[in-house]
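Worksheet: one structure, shown below.
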Amino acid sequence: MRPLAQAKQFIADTLAGDYDRDRISKLIDDKINSNKIMMFSFSTCPFCLRAKQILEEDYGEQFEVYECDLESDGYAVRAELGRRTGRTSMPSTWLGSTTLLGGCNDGGLGGVATLDKDGRLASLLAERQNTMSPFPPLQWLASFGQSDQQQTVQRKKALVAACDEAPKNGVGASELLQQKVESAAVDLEALCPGQPAKTKLSGVWDLLYCTAEGGSNGKIGPLVGDVTQTFVDEKRFVNAVDFGPFRVALQAEREIVDDKQIRVKFKETVFSIFGLEIFRKATKGAGVWTQRFVDPGLRVMNTPSLFVLRKRRA
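In full-length UniProt numbering, the protein residues as written are 1 to 314.
Written out as structure tokens, the structure reads:
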């Protein structure tokens with residue numbers, strides 16, 4: 001163990017105090033062995049939040065999380081994990097007792113974000129799923145859902161990659177590139193979970209690509225701003241375009257029409273600079289979102305223009 005790691009281990013041991021190593025080791029082993037994915041975390045750690053978001057939003061995984069800062073044995077668990085892995089930093093993410101993914105960007109096999117970026121995370125998750133169903137008939141049945149999940153991950157990445165090829169927000173994209181993005185959207189739409197319009201929406205979403213003309217794509221004159229959509233609650237949301245310190249925000253409300261459609265109604269537009277409101281004005285207008293794909297991290301919809309939005313990560 002290197003000097004810095006030794007110093008971190010000393011701090012972790014000090015915070016943990018005296019503890020029963022056998023009991024804590026058994027707790028760790030039981031958690032790791034009984035879950036497909038086991039993450040030891042600190043609830044407010046930004047690296048932990050990002051690793052969770054990647055697994056939940058990009059891969060649709062549900063997994064066990066042990067928050068070391070919230071559990072009575074948490075500091076002992078962190079100290080014991082440090083002795084096992086040589087790392088006391090969080091998160092510590094495992095796929096069974098022999099596969100340590102690592103933290104967010106390093107450790108173990110490289111970390112959750114690193115493995116995702118390198119394209120290795122999906123296969124590791126699939127391998128772990130197979131080991132969780134050792135009885136052949138059960139493994140065969142489980143493979144259906146797992147196959148769909150892997151396809152969804154691959155098609156989401158293909159759509160995002162196509163959007164990344166376009167100019168900012170899709171403004172000025174060539175006809176050929178528009179066709180490529182639409183084709184990727186169609187492929188992903190085929191795997192859309194049921195009732196996409198009824199999926200709960202929260203947080204801030206960044207516009208990756210759209211085919212809309214005018215202000216919806218963030219273009220005002222020669223400038224193209226950063227477009228976001230922020231959900232305030234179950235009804236209210238805000239579409240905003242930022243040009244450095246200057247912001248134009250359209251406040252609106254939404255109502256679910258059916259399984260795929262959401263009706264939106266515009267209320268007022270607020271202009272601000274450096275966070276200070278300059279003025280606002282009433283805004284009339286309405287529309288319908290047809291949801292083509294929605295999951296915790298990516299949305300595809302027609303307004304009728306195509307919009308692709310990604311949830312902002314921690």
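We put the beta carbon where it would ideally sit given N, CA and C, even for glycine.
From this set, the options, which residue's C-alpha is nearest residue i's C-alpha?
i, options, result
"Val77", "Gly102, Glu57 and Arg23", "Arg23"
"Thr131", "Gln179, Lys284 and Asn35", "Asn35"
"Lys284", "Lys156, Thr269 and Cys210", "Thr269"
"Thr14", "Gly74, Ser25 and Phe42", "Gly74"
"Phe243", "Arg155, Gly275 and Glu213", "Gly275"
"Leu176", "Thr211, Arg155, Lys198 and Cys192", "Thr211"
"Gln129", "Val171, Gln195 and Tyr59", "Tyr59"
"Ile256", "Tyr209, Glu213, Gly214 and Gln195", "Gln195"
"Cys192", "Asp148, Leu223, Glu213 and Tyr209", "Asp148"
Look at the alpha carbon of residue i and the alpha carbon of residue j, and state the distance between them as a whole number of angstroms.
i, j, result
"Gln9", "Thr114", "24 Å"
"Ser92", "Leu100", "8 Å"
"Thr98", "Glu189", "36 Å"
"Leu306", "Ala166", "14 Å"
"Asp69", "Gly221", "50 Å"
"Arg254", "Arg310", "19 Å"
"Glu80", "Arg21", "7 Å"
"Asp82", "Ser25", "Here residue 82 is Gly; the residue named in the question, Asp, does not match the sequence. Distance between the alpha carbons of Gly82 and Ser25: 12 Å."
"Ile11", "Leu95", "27 Å"
"Phe279", "Phe293", "36 Å"
"Lys198", "Tyr19", "47 Å"
"Gly225", "Lys219", "6 Å"
"Val153", "Lys180", "18 Å"
"Ser43", "Asp258", "36 Å"
"Glu213", "Ala286", "16 Å"
"Leu17", "Asn33", "The question names Leu, but residue 17 in the sequence shown is Gly. For Gly17 and Asn33, the distance between alpha carbons rounds to 26 Å."
"Leu27", "Ser41", "15 Å"
Using beta-carbon positions only, say whether residue i and residue j come within less than 9 Å of one another.
i, j, result
"Glu57", "Asp295", "yes"
"Leu55", "Phe63", "yes"
"Val204", "Gln229", "yes"
"Gly119", "Thr85", "no"
"Glu61", "Leu125", "yes"
Pull up the CB-CB distance for residue i and residue j, whole angstroms please, since I reckon it's below 8 Å.
i, j, result
"Ile262", "Val227", "Between Val227 and Ile262 the Cβ distance is about 18 Å, and since that is not below 8 Å, they are no contact."
"Arg299", "Gln53", "At roughly 15 Å, the Cβ-Cβ gap does not stay under 8 Å, so Arg299 and Gln53 are not in contact."
"Leu207", "Phe231", "With 8 Å as the limit, Leu207 and Phe231 do not qualify as a contact, their Cβ atoms being about 14 Å apart."
"Asn169", "Asn217", "5 Å"
"Gln150", "Ala122", "6 Å"
Tell me which residues share the same chain as residue i and place their Cβ nearer than 8 Å to its Cβ, disregarding the 5 neighbours each side in the sequence.
i, result
"Gly103", "Phe47, Ala51, Arg87, Ser89, Met90, Pro91, Ser92, Thr93, Gly111 and Val112"
"Ala252", "Arg236, Phe237, Val238, Asn239, Val264, Lys265, Phe266 and Lys267"
"Lys281", "Glu268 and Thr269"
"Asp29", "Ser97"
"Cys45", "Met90 and Pro91"
For residue i, which residues from the same chain have a beta carbon less than 6 Å from its beta carbon, with the 5 sequence-adjacent residues on both sides left out?
i, result
"Ala184", "Ala158, Leu159 and Ala162"
"Glu234", "none"
"Arg155", "Asp187 and Leu188"
"Gly215", "none"
What residues in its chain sit with their C-beta under 7 Å from that of residue i, if we drop five residues either side in the sequence?
i, result
"Lys31", "Met38, Glu64 and Tyr66"
"Thr290", "Lys260, Gln261, Met301 and Asn302"
"Phe246", "Ile273"
"Glu277", "Val270"
"Tyr209", "Cys163, Ala166, Asn169, Gly170, Val181 and Val308"
"Asp116", "Ile54 and Asp58"
The ligand SAH heavy atoms versus the CB of residue i: any closer than 8 Å?
i, result
"Lys52", "Looking at this structure, you won't find the ligand SAH or any other ligand, since it has none at all."
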